[in-house]
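Participant:
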Amino acid sequence: MNQRLNSKDKLLLAAIDLMADKGYNGVTTKEIAAAAGVSEMTLFRHFGTKRALLEAAVDRFHYSGDMKRIFQEELFWDLRADLSLLANRYHEIMNRNRKMIQIVLKDTGLEDVMNNAQKHPRQLKEMLTNYFITMQEQGKMIAMDAETQAMTFMWMNYGAFMTHLYQAESITSITMQQFKESSVDLFVRALTP
Numbered sequence: 001m002n003q004r005l006n007s008k009d010k011l012l013l014a015a016i017d018l019m020a021d022k023g024y025n026g027v028t029t030k031e032i033a034a035a036a037g038v039s040e041m042t043l044f045r046h047f048g049t050k051r052a053l054l055e056a057a058v059d060r061f062h063y064s065g066d067m068k069r070i071f072q073e074e075l076f077w078d079l080r081a082d083l084s085l086l087a088n089r090y091h092e093i094m095n096r097n098r099k100m101i102q103i104v105l106k107d108t109g110l111e112d113v114m115n116n117a118q119k120h121p122r123q124l125k126e127m128l129t130n131y132f133i134t135m136q137e138q139g140k141m142i143a144m145d146a147e148t149q150a151m152t153f154m155w156m157n158y159g160a161f162m163t164h165l166y167q168a169e170s171i172t173s174i175t176m177q178q179f180k181e182s183s184v185d186l187f188v189r190a191l192t193p
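Heads up, the sequence shown is in UniProt numbering, so the first residue is 1 and it goes up one at a time.
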């Protein structure tokens, strides 16, 4: 692992790698600490429990922080450009975090971690809803229920991610790039005044 990472980051990354390979219940705190190059006591000092370590990883690496920055600093206030940016970044972040997502989805007994992780999609829904409201106020989008459009955009991209997570090639030859371009085009055509 990169020596510039602090022990907390090393533990988070080691936990994600090991849990993705062995499952949450298949890995011990001792193994995680060893893979991170720190003592098990360091793991407990930083996180207290293996579950708290996983929860910290979900919070640290989920997309809401990156998305918040995009909404605050990078929007063009152009429907096509913004939805393309959001779809591309969403898939970049989700692919980067695919191991963590697989851990939470496949291991039983992690319902509380999954429920806690739901705050991230809720935050994205809020940001997208507010974006659509502002675009409507600026006359750049037709009047429609903004939350419904936010959820449609999110579910469409989440569904595409999940399909590709589990071998989309067996279903379709359409690439992720083709999907993103087509879905953004569909949204822009439907929502532009």
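We put the beta carbon where it would ideally sit given N, CA and C, even for glycine.
Note that the structure is a prediction, hence the values are computed from the model and not measured.
May I ask you to report which of helix, strand or coil DSSP gives Ala-190?
Facilitator: Here residue 190 corresponds to residue number 190 of the sequence shown, with the count starting at 1. Looking at Ala-190 - three-state DSSP - the assignment turns out to be helix.
Participant: Flag this pair as yes or no: are the beta carbons of Met-19 and Phe-61 separated by less than 8 angstroms?
Facilitator: Taking the sequence shown and counting its residues from 1, one reaches residue 19 at position 19. Taking the sequence shown and counting its residues from 1, one reaches residue 61 at position 61. Against a cut-off of 8 angstroms, the Cβ pair of Phe-61 and Met-19 comes out as no contact.
Participant: What residue range does the alpha helix (DSSP H) around Asn-95 cover?
Facilitator: Taking the sequence shown and counting its residues from 1, one reaches residue 95 at position 95. 79 to 96 is the span of the alpha helix (DSSP H), which, as asked, contains Asn-95.
Participant: Return the chain-ordered list of same chain residues with a C-beta closer than 6 angstroms to the C-beta of Gln-72, the five sequence neighbours on each side being excluded.
Facilitator: Along the sequence shown, read from residue 1 onward, the residue named residue 72 stands at position 72. Same-chain partners within the cutoff: there are none.
Participant: How is Lys-106 classed by DSSP in three states: helix, strand or coil?
Facilitator: Indexing the sequence shown from 1 puts residue 106 at position 106. Three-state DSSP puts Lys-106 in a helix.
Participant: With burial defined as no fewer than 16 other Cβ atoms inside 10 Å of the residue's Cβ, what is the status of Ala-150: buried or exposed?
Facilitator: Position 150 of the sequence shown holds residue 150. Its Cβ being crowded by 16 or more others within 10 Å, Ala-150 is buried.
Participant: Would you identify the three-state DSSP class for Lys-131, choosing helix, strand or coil?
Facilitator: For the purposes of this step, residue 131 is identified with residue 131 of the sequence shown, where counting begins at 1. Residue identity check: residue 131 is Tyr in the sequence provided, not Lys. Looking at Tyr-131 - three-state DSSP - the assignment turns out to be helix.
Participant: For the putative contact between Ala-35 and Lys-180, defined by C-beta atoms under 8 angstroms, what is the C-beta separation to the nearest angstrom?
Facilitator: Residue numbering aside, residue 35 sits at position 35 when the sequence shown is read from its first letter. Residue numbering aside, residue 180 sits at position 180 when the sequence shown is read from its first letter. With a Cβ gap of about 35 angstroms, Ala-35 and Lys-180 do not count as contacting.
Participant: Within its chain, find whatever has a CB closer than 7 angstroms to the CB of Lys-30; leave out the 5 residues flanking it on each side and keep chain order.
Facilitator: Here residue 30 corresponds to residue number 30 of the sequence shown, with the count starting at 1. Correct list, in chain order: Glu-40.
Participant: Leaving aside the five residues before and after Met-156 along the sequence, list all residues of the same chain whose C-beta is less than 7 angstroms from its C-beta, in chain order.
Facilitator: Your numbering for residue 156 matches position 156 in the sequence shown. The residues are Ser-183.
Participant: Which residue marks the beginning of the alpha helix (DSSP H) containing Arg-60, and which one marks its end?
Facilitator: The residue given as residue 60 occupies position 60 in the sequence shown. Run containing Arg-60: 50 to 61, per the alpha helix (DSSP H) assignment.
Participant: Three-state secondary structure (DSSP) at residue 201?
Facilitator: Because the chain here runs from 1 to 193, residue 201 falls outside it and cannot be looked at.
Participant: Classify Phe-47: buried if its beta carbon has 16 or more other beta carbons within 10 angstroms, exposed otherwise.
Facilitator: Here residue 47 corresponds to residue number 47 of the sequence shown, with the count starting at 1. When all chains shown are included, Phe-47 counts as buried.
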